[in-house]
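Asker: Below you will find the structure I want to go over with you.
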Amino acid sequence: MNMKDFKPVHFNWRAEGDVALITLKGSERKNPITFDSYDELRDTFRTLASADDIKAVVFGSNEGNFCSGGDVRDIIGPLLERDMKGLIAFTRMTGDLVKAMRACPQPIIAAVDGVCVGAGAMIALFCDMRLGTPQAKTAFLFTRVGLAGCDMGACAMLPRVIGQGRASELLFTGRTMSAEEGAHWGFFNRLVDADRLQEEALTVAQKIAQGPTFAHMMTKTMLGQEWSMSLEQAIEAEAQAQAICMQTGDFRRAYEAFIAKGSPRFAGN
2 MNMKDFKPVH FNWRAEGDVA LITLKGSERK NPITFDSYDE LRDTFRTLAS
52 ADDIKAVVFG SNEGNFCSGG DVRDIIGPLL ERDMKGLIAF TRMTGDLVKA
102 MRACPQPIIA AVDGVCVGAG AMIALFCDMR LGTPQAKTAF LFTRVGLAGC
152 DMGACAMLPR VIGQGRASEL LFTGRTMSAE EGAHWGFFNR LVDADRLQEE
202 ALTVAQKIAQ GPTFAHMMTK TMLGQEWSMS LEQAIEAEAQ AQAICMQTGD
252 FRRAYEAFIA KGSPRFAGN
């Protein structure tokens with residue numbers, strides 16, 4: 002499927018070469034996520050799995066904010082009217098979004114400015130890398146609205162990114178993690194000025210897109226699958242993954258470029 006001409010309804014999408022830029026709509030409300038945008042984002046990341054023309058994704062901020070979480074009017078209010086069957090359908094759907102992000106073979110880079118809370122914080126967490134600005138304010142607000150901190154995989158993913166104790170503090174209290182804390186704790190790969198955030202994220206994504214995309218897919222797959230493996234199993238899985246990559250044309254292209262004292266032009270196969 003050609004994704005460069007994709008025109009979503011419920012969020013913004015732009016292709017710059019082999020890189021897609023996603024931002025949420027509703028900047029006047031700091032870009033909340035809605036039932037419709039959940040659905041469309043989930044389906045988009047599922048479709049990206051078979052899209053050859055997009056090799057990396059930037060999930061960016063819009064007008065100074067990343068995402069204010071679930072829309073109070075569109076999501077929170079209607080949830081109060083649902084029975085248990087309807088509630089579990091919703092919570093499974095939110096989990097399906099981040100599962101689709103992990104299954105999507107393209108590396109995803111979050112570019113976080115301003116407010117990044119609730120479901121927005123979870124979207125950023127499930128990206129493969131995160132760039133932030135000094136103004137970034139990240140919070141996992143669930144306990145502050147009477148819910149558990151175990152939303153959308155938070156209790157599984159956040160400790161892996163910033164450590165068990167730090168994750169426990171944020172998930173129990175719902176307090177805001179400052180940009181400086183986020184960078185120090187490893188949530189952000191680094192901080193950049195707000196006026197350079199999108200450009201920097203796109204630059205990183207474009208460098209990745211120029212690389213061996215099949216090998217990037219294998220790297221992302223292994224990063225996810227090895228969580229549940231023993232060390233011995235992981236070493237064997239990586240041996241098999243690397244042997245597969247050695248059969249690709251990109252491995253030969255890299256060798257031939259080295260012999261010719263040039264730079265390889267990867268083709269993704």
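When you read off a place in the sequence shown, starting at 1, and then add 1, the result is the number in the numbering used here.
Glycine is no exception: its CB is placed at the ideal position from the N, C-alpha and C atoms.
Between which two residues does the alpha helix (DSSP H) carrying residue 156 extend?
Answerer: Residue 156 -> alpha helix (DSSP H) spans 155–163.
Asker: Where do the ends of the beta strand (DSSP E) carrying residue 133 lie?
Answerer: Run containing residue 133: 130–133, per the beta strand (DSSP E) assignment.
Asker: Does the beta-carbon of residue 129 have 16 or more other beta-carbons within 10 angstroms, so that it is buried, or is it exposed?
Answerer: By the 10 Å Cβ count, residue 129 comes out buried.
Asker: If we count Cβ pairs, one from each stretch, closer than 8 Å, do we get three or more for the region 194–206 versus the region 256–265?
Answerer: Contact between the region 194–206 and the region 256–265 is absent, because fewer than three Cβ pairs lie under 8 Å.
Asker: Does the pairing of the region 101–110 with the region 120–137 give three or more beta-carbon distances under 8 Å?
Answerer: With a cut-off of 8 Å, the region 120–137 and the region 101–110 count as touching, because enough Cβ pairs lie within range.
Asker: Quick one: give me the first and last residue of the beta strand (DSSP E) that residue 17 is part of.
Answerer: 12–17 is the span of the beta strand (DSSP E), which, as asked, contains residue 17.
Asker: Taking the alpha-carbon positions, what's the residue 187 to residue 161 distance?
Answerer: Near 10 Å, if we compare the C-alpha coordinates of residue 161 and residue 187.
Asker: Mapping the DSSP letters down to three states, classify residue 139 as helix, strand or coil.
Answerer: DSSP places residue 139 in strand when its eight states are reduced to three.
Asker: For residue 141 versus residue 122, is the C-beta spacing smaller than 9 Å?
Answerer: Taking 9 Å as the Cβ cut-off, residue 141 and residue 122 qualify as a contacting pair.
Asker: Using beta-carbon positions only, say whether residue 98 and residue 112 come within less than 9 Å of one another.
Answerer: No, the pair does not count as a contact, with Cβ atoms beyond the cut-off.
Asker: Please report the straight-line C-alpha distance between residue 45 and residue 178, rounded to a whole angstrom.
Answerer: Computed Cα separation, rounded: 29 Å.
Asker: Does DSSP put residue 65 in a helix, in a strand, or in coil?
Answerer: In this structure, residue 65 counts as coil in the three-state DSSP scheme.
Asker: Could you give the first and the last residue of the continuous alpha helix (DSSP H) run that contains residue 214?
Answerer: Where residue 214 is concerned, the enclosing alpha helix (DSSP H) stretches over 214–226.
Asker: Under three-state DSSP, which class holds residue 24?
Answerer: In this structure, residue 24 counts as strand in the three-state DSSP scheme.
Asker: Using the three-state DSSP reduction, which class does residue 117 fall into: helix, strand or coil?
Answerer: Residue state, collapsed to three classes: strand.
Asker: I'd like the list of long-range same chain contacts for residue 239, defined as Cβ closer than 7 Å, with 5 residues on each side in sequence excluded.
Answerer: Excluding sequence neighbours, residue 239 sits near 223.
Asker: Can you list, in chain order, the residues of its chain with a C-beta nearer than 8 Å to that of residue 38? Leave out the 5 residues immediately preceding and following it.
Answerer: Only 11, 12, 25 and 26 meet the Cβ criterion.
Asker: Quick one: what's residue 60 bridged to in DSSP?
Answerer: Paired residues: 23 and 111.
Asker: Helix, strand or coil: how does DSSP classify residue 34 here?
Answerer: Note: residue 34 maps to strand in three-state DSSP.
Asker: Can you list, in chain order, the residues of its chain with a C-beta nearer than 8 Å to that of residue 215? Leave out the 5 residues immediately preceding and following it.
Answerer: Answer for residue 215: 246, 249, 251, 269 and 270, listed in chain order.
Asker: Mind checking residue 49: buried by the 16 CB within 10 Å criterion, or exposed?
Answerer: Residue 49 should be labelled buried.
Asker: Between residue 195 and residue 234, what straight-line distance do the alpha-carbon atoms span, to the nearest angstrom?
Answerer: The straight-line gap from Cα to Cα measures roughly 42 Å.
Asker: Exposed or buried, residue 6, counting other C-beta atoms within 10 Å across all chains shown (16 or more means buried)?
Answerer: Classification for residue 6: exposed.
Asker: Among residues of its own chain, excluding the 5 on either side of residue 201, which ones have a beta-carbon nearer than 8 Å to its beta-carbon?
Answerer: Counting only Cβ-Cβ distances below 8 Å, and skipping sequence neighbours, we find 112, 132 and 193.
Asker: So, residue 254 versus residue 266, is the Cβ gap smaller than 9 Å?
Answerer: Yes; because the gap between Cβ atoms is below 9 Å, this pair is in contact.
Asker: Looking at the strands, I want to know which residues DSSP matches up with residue 192.
Answerer: Residue 192 is bridged to 133.
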